[in-house]
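If you read the protein sequences in the order shown, they are chains A, B and C. Residues in the first sequence are numbered consecutively from 1, following this note's numbering. Residues in the second sequence are numbered consecutively from 1001, following this note's numbering. Residues in the third sequence are numbered consecutively from 2001, following this note's numbering. Following: one structure in structure tokens, then a few remarks.
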Amino acid sequence: MRLALNVFQWLLLILAAPLAHGIIAQAKARLQRRRGASIWRPYADIAKLFRKEDLVPPSASWVFRVTPLVLFGAMASAAAFVPVVQGSALLASRGDFFLFVYLLALGRFFLSLGAMDGGCAFGGMGASREALISSLAEAPLLLGLVAVAILASHADIAGMVGWTLQQNFFKISAVHILAFLSLGMAVLAETGRMPVDNPTTHLELTMIHEGMVLEYSGPSLALVEWASAIKLHAMLALLIALFAPWGMAPHVSAAPLLVALLVYFVKVGALMALLAVIESSVAKLRMYLVPGFIGVASAMSALAVIFATLVKR
Amino acid sequence: MQLESGELPLSFLLLMLGAAVPMVLVGSRAKGARLLAAGMLIAACLAGSFVAALGFWRTSSVLMDFTGFTPFPFTLEIDRLSALFLLLICVVAVPVAVFAVPYFEHHCPERRRNWMWIFFSWFLLSMIVVVTASTGFAFLAGWELMTLLSAGLILIEGDSAERRHNVFIYLLMMHVGAAMVVASFFLFLPYSHGLDFASIRAGSAVLPPAIRTLIFLLAFVGFGTKAGIIPLHLWLPRAHPIAPSPVSAIMSGIMLKTAVYGFVRFAFDFLAGGPSWSGYPILVAGAVSGLLGVLYAIGEHDLKRLLAYHSVENIGIIYLGLGTSLIFLACHAPLWAALALVAALLHTFNHGLFKSLLFLGSGAISHATHTVDLEELGGLQRRMPVTGLTFLIACCSIVGLPLFNGFVSEWLTFRSFLAGAALMGTKAQVVLPLMVGVLALIGGLAAACFIKVFGVAFLGRPRSTEAEHAIEAPLAMRGGMTFLAAACLLIGILPGVLLKPLVALAQGLVPGAGVPPETLAITRVLPWIAVAVIGIAGAAALAAALGRVRRIVPAWGCGLPTLTSRMQYTSTAFSKPIRFVFSAVYRPDRKIVRLPADQPYFPVSISYSSVRTTSYEKSLYRPFANLFVAAANQLRRLQTGNIQVYLLYIFLTLISLLIFLRFRG
Amino acid sequence: MGLVEIAAGKVLSSFSAFLFLTILLLAVARRISTCVLLFSLQSAIIAAEVFAVGFQERLAEAYVVGALVFLIKVVAIPYAFFRLMERLKTVREVKAATTPTQSAFIAVAMIFLSYAAVHSYGQSVHVPADALAAAVALILTGAFLMVSCRKALMQMLGLLVMENGIFLAALVTTFGMPLVIEIGVFFDVLMGLLLMGIFAFRIRDTFEHLDVSRLRRLRG
């Protein structure tokens, strides 16, 4: 029964991911006083792209063709670590949040290689900038997770969620606030949202993630877009699970699970609305100011770790 | 000598490497002789790996005593720690030797090829003696031979003035380090009555704390010089790039590890952890080496220098693990000490595998294109598919991505940092979790660097005619590289193969440790991750390939008709953002020369050069060197050339001896 | 225990978390208006702490002081700052000598240092360690602001942040007895600020700018 539940959580994260992109785009449109496209549009986009031709540059090798597959496989596997409606996940094990972060790094590594394989300047530009940002953003991501792990005395995500579930909502500590802020900033950097990167731009000089996927088309582009949606959805679900897991079912039975599912949709919708508000209110940072942004996140997460160890004394 | 289970293969190994290979080669210059020699070397290494596997997986210890033949005690003993390093040496030597057969044929001057093979087999022999020695004399003899033979291997390929200068610096630093190692051995003498390892262990129980600290520091600096921690790394980027690629592979993959072996032997076996603050300097040295090593590597575009700096970085990661283990030992947490030690030793083994694979790959590249400058390469993946695939596997391993072996050791290191938060009331409780951030930064920068390396060298379009006409490496080269790549993948997906005996090894070195559950957890979950990633990727491939058409179409170039290969990102361009952000580390000497100088608005040519100078030479080494030269100049005044002054010296010595006897008696 | 009691009990320790946040953000902020708003937020938190202490110790004058702090530091002084910025027509950027990353790590080091300093003291006297550490960190941050920023307005703000820290330290160690001390320090700083405000105008009128680093030209 638990296995079926874990598989369901995993499939939910993967299949509902394009909806995340759709909801955020709709929220941003409403904030800009537009009607916006339907929230189901990304599904239509993916279906359309699967029907189209796959165009490949003449200089590309098999790395270019294999990159969308590896990226999708890595992101989907990473989604198997995150609990959604109940405090367990498909591939949960001790110390698995390192594995989560490094599976994301695997996908990003291959995406950058695929970008370089295009043989023109845009891929190199996107890969070079992404290399800068992602090399710096791994530290606050891991340190923030470590801070929560130290506080919870558990090294796996399911254990941390279980510990937080037993805490009182009003006992917010400095560790949680700092860790949430620094993880939020790291998530913005990793998933390429404002103010680090503009996900809707098509001006070549401002692209980072879009620059890396410029050469892909057809089913490959569908897989790449879906993979980045899965990444965003999984990271948002991770934030919710670590910092606001109340509402999750304490044991595996039908009624609490349904309630937990509804609560999850409300929470993730609220987080996506918050993300849309942030994206609409700030401008994209100049590229050489992004390391400052990430540096502030690193300092906050280091402070969170220091506080977590001080609390433990 | 008794012929127990491991003795026979070990004697075979030593005999082959020491005597048989040279004897075959001294005779004739024919290629057949060299093939025979290579075959014997490979057979010897296979026997060696058999012995090592016996010692590592089954703990049968082997002892061989040569004291009869040598002036000082000379014994070889294989316990579990030696078996691990012997396994590393033999497992890496086999594919490197296979690779070297065609490589030496093509890249070595005709009359020197035999000498190359002779030195190569003796070099392997010296390293085997170092890791299996169980007396101080054997260890030091092997240590010295290792240095001299590697210098010889570098000089065989060519001895221009610049190469000789680099080899001089290499030998100088190695001898300074060796002097410290000798000193640290000899400091045991008053307490241990003999320099064999058993009596050293017995003697270390009665060492006074001051001597213990001194031995620890001498061992740290002495072995650190050989390992290449910053700021003692100066010889690494000078010596590794100029050696032939198989030799670089052995030097970087194995020789640096003998220094780690020596340090582990001293710190964990002899000194049982050293002084209570011993972990912190190791930790700091590891962090600094890791960060600065990878930052220097990002600024390089010569592939072999870049790989040499990455060796510095990985030694830093190994020292991070060792420092953590020492801290846990001092805080009486043997379980976590064992975990950190397992992490460091596994990273040692993994690094030997993937670094030698990377150097072999650079050898294949230079064989095909006669250059290792990244700015001249490009598009090699389509022209050298097997080389590209194995190089990609090595890149993924060194970055530490899941499903490759580098990830397992980095994960274990992260996990041991996290465990540091459980140490109540110590400095380590705060310091160790913050090291997670440092290691994450190192790993992220390494990923950026290898995206650059693989992307610029193998992907995209060729940037020069040599790269355009590159051909795949010969079969032997490909075979050697494939073996190492397969080993990387195997350990990455099924690490339990190595982890169980490593845990037993750590339990031997750290008394009172149990089995850390993390090792079991990672062994259990990694195959599932592999299944998940490969399965999903395969399913996606099926879904994407069902009846889809694939068309080759030129890349988007803003509407320009032809895109040249100069319009791609170069290695320098790729690393520019990172170099800009970390500009405090790089202090380049920039020069712009405009000709003609008196007509600034109508230049005929403009040249720009940016040379990064290593600041250590100016600020750290020059003052020392100047001090020594000044002291030597002062001492030279004793040599007056006047015979009566020399007679006076003898007379003064006699008088001082008499006074000394008077006051002692 | 009623909700109010719980809230009062939690205020002194939990609110130091928010104070640390304001410290970090002050160190990395790049606009003077952001810094003024952060200062006003800090003062609001400290006013809340004064109210909490008054509720716990049942001191009537604590409420008076708390109201004073709120009116002057949360409303009046930031308003005066904004008026000053408008009339001086000065550039709105904080010209810090360190990059945001460096300032952030310096702030973290200062917070760590204040915890380390308070640790040995807080065990001997019955004092909430978090609040005292926050107070010391505020003092250090004020000093850091005065050292690293070149605008005269930022110097004034640094002085005010230091005063916040001193006020909080006095509050936490004495638990509101006697409040006269705090009022005294408070008015001292107020006078100093009024003088600095007047002088800012005079400096600007004479030299056409408010850049403190250019004072170096006044050497003999």
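We put the beta carbon where it would ideally sit given N, CA and C, even for glycine.
Item	Value
Run down chain A in chain order and give the residues with a C-beta less than 7 angstroms from the C-beta of L1459/B.	S61, V63, L113, M116 and D117
Could you tell me the alpha carbon to alpha carbon distance between F2112/C and F1328/B, rounded to whole angstroms?	23 angstroms
Given a threshold of 16 other Cβ atoms within 10 Å of its Cβ, counted over all protein chains shown, does D2130/C qualify as buried or as exposed?	buried
Along the chain, which unbroken stretches of the alpha helix (DSSP H) at least 4 residues long are found entirely within the segment 2035-2105 of chain C?	2060-2069 and 2077-2088
Quickly, what does DSSP pair Y1608/B with across the bridge? List them, please.	I1592/B
Which chain C residues sit within Cβ distance under 8 angstroms of V296/A?	L2024, V2028, P2100, T2101 and A2104
Which term fits P2078/C, buried or exposed, when burial requires 16 or more other beta carbons within 10 angstroms of its beta carbon?	buried
Okay, do the segment 139-147 of chain A and the segment 301-309 of chain A touch, 3+ Cβ pairs below 8 angstroms being the bar?	yes
M2162/C and Q2155/C: beta carbons closer than 8 angstroms?	no
Can you find a C-beta in chain B that's less than 8 angstroms from the C-beta of Y43/A?	no
Rounded to whole angstroms, what's the CA-CA distance from A1093/B to A1448/B? Just pull it up for me.	30 angstroms
With which residues is R1550/B paired in a DSSP beta bridge?	D54/A
From the beta carbon of L2021/C, is the nearest beta carbon of chain A less than 8 angstroms away?	yes
Tell me the DSSP secondary structure of C315/A in three-state form.	Because chain A in this structure spans residues 1 to 313, residue 315/A falls outside the shown range and cannot be described.
How many angstroms separate the CA atom of G1352/B from the CA atom of L1153/B?	19 angstroms
Would you report the Cα separation of T1572/B and I1451/B, rounded to the nearest angstrom?	13 angstroms
Considering only their Cβ atoms, is the gap separating V1021/B from S1121/B smaller than 8 angstroms?	yes
With DSSP as the reference, please indicate the residues paired to M1064/B in a beta bridge.	L1076/B
So does the segment 1324-1341 of chain B actually touch the segment 1275-1295 of chain B, counting three or more Cβ pairs closer than 8 angstroms?	yes
For chain B, check one thing: does any of its Cβ atoms lie closer than 8 angstroms to the Cβ of I208/A?	no
For M1567/B, which residues of its own chain have a beta-carbon under 8 angstroms away from its beta-carbon, when the five flanking residues on both sides are left out?	G1557
If we define contact as Cβ-Cβ less than 8 angstroms, is K284/A a contact residue for chain B?	no
Please report the straight-line C-alpha distance between V1206/B and T1070/B, rounded to a whole angstrom.	30 angstroms
Cutting at 7 angstroms between CB atoms, please list the residues of its own chain near L1620/B, excluding the five before and the five after it.	P1231
Could you compute how far the alpha carbon of L1187/B sits from the alpha carbon of L1661/B?	26 angstroms
Provide the residue span of the alpha helix (DSSP H) that contains Y1569/B, from first to last.	From DSSP, Y1569/B is part of no alpha helix (DSSP H); its letter is neither H nor E.
Note down, in chain order, all residues in the segment 1495-1523 of chain B with a beta-carbon under 8 angstroms from any beta-carbon belonging to chain F.	This model lacks chain F altogether, as its protein chains are A, B and C.
Tell me, which residues are paired with T1135/B by DSSP?	D1196/B
Answer with buried or exposed for I1655/B, where buried requires no fewer than 16 other C-beta atoms within 10 angstroms of its C-beta.	exposed
Specify the secondary structure class of R2030/C as computed by DSSP and reduced to three states.	coil
Classify I2045/C: buried if its beta carbon has 16 or more other beta carbons within 10 angstroms, exposed otherwise.	buried
Buried or exposed: where does L181/A fall if 16 or more other Cβ atoms within 10 Å of its Cβ makes it buried?	buried
Give me the DSSP bridge partner(s) of A333/A.	The question about residue 333/A has no answer here: the residues shown for chain A are numbered 1 through 313.
Is the CB-CB distance between L236/A and M272/A below 8 angstroms?	yes
Along the chain, where does the alpha helix (DSSP H) containing E1007/B start, and where does it finish?	E1007 to L1015
What residues in its chain sit with their C-beta under 7 angstroms from that of S1362/B, if we drop five residues either side in the sequence?	S1245, L1303, K1304, L1307 and V1372
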